[in-house]
Amino acid sequence: AADIADQLSTVLVTEEEIQKKLLELAQRVDAEYEGKDLLLVGVLKGAVMVMADFARHLQRDITMDWMAVSSYGAGTKSSGVVQIRKDLDTDLHGKHVLIVEDIIDSGLTLSWLLENFQSRGAESIEVLALLRKPDAAKVVIDCRYVGFDIPNEFVVGYGLDYAERFRNLRDVAVLAPHVYS
Ligand code: PRP
Ligand code: MN
Ligand code: MG
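For the sequence shown, UniProt numbering begins at 3 and goes up steadily by one.
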């Protein structure tokens with residue numbers, strides 16, 4: 003568990019690439035939500051790093067809330083069963099909501115969340131995801147702000163975990179198969 007480098011195969015997205023992309027996305031969001039109140043909703047725990055950096059690239063004021071859902075548990079595959087572990091503190095009625103996610107994998111988590119949020123009367127709901135795996139999609143998510151499309155491999159770092167580990171890596175990297183097989 004000590005030496006991180008032995009447990010990764012390749013770096014897919016570097017810290018520098020992540021920050022550059024988040025700045026670009028923040029500039030788009032600044033422009034596209036001009037004159038509107040904006041509520042960012044981070045999906046715990048994976049979105050913590052994206053939220054922290056993306057929100058600080060914005061030039062505007064926002065409000066922030068968090069929802070904790072989990073579908074992966076300790077495995078490497080989505081169970082498809084989404085559980086709410088912590089609900090929002092905010093009433094979404096009339097709000098412009100931007101859901102902030104680290105990754106769209108099968109799409110099941112966001113598909114469930116979007117439906118759940120729509121029923122709460124938000125004025126608008128859009129999605130920002132740092133990563134997306136097109137080849138893993140079981141349901142297609144309409145995601146307005148996408149950072150990077152990546153291959154269908156198990157990735158960790160920058161918020162993404164394997165059994166709760168590796169979230170603190172600054173890059174996004176492919177987990178070495180020997181770690182989970
Ligand atoms: C991961 C990731 C996304 C979701 C994407 O969360 O952070 O939220 O899975 O997978 P999907 O598109 O196949 O649904 P996870 O359930 O592992 O919880 P975590 O954020 O606490 O790690
Ligand atoms: Mn998550
Ligand atoms: Mg996880």
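From the three backbone atoms N, C-alpha and C, an ideal C-beta is built for every residue, glycine too.
With a CB to CB cut of under 7 Å and the five nearest residues on each side skipped, what residues in its chain are close to residue 113?
141, 143
Take every Cβ of the region 62 to 71, pair it with every Cβ of the region 122 to 138, and state whether three or more of those distances are shorter than 8 Å.
no
Which of helix, strand or coil DSSP assigns to residue 89
coil
Nearest residue (CA-CA) to residue 38, options 154, 127, 83, 180:
127
Let me check understanding here. Comparing Cα to Cα, which of 158, 6, 182, 95 lies closest to residue 176?
158
8 Å CB neighbourhood of residue 51 in its chain, flanking five on each side removed
104, 160, 161, 169
Using a threshold of 8 Å, state whether the C-beta atoms of residue 102 and residue 43 are closer than that.
yes
Under the rule that 16 or more other beta-carbon atoms within 10 Å means buried, what is residue 97, buried or exposed?
buried
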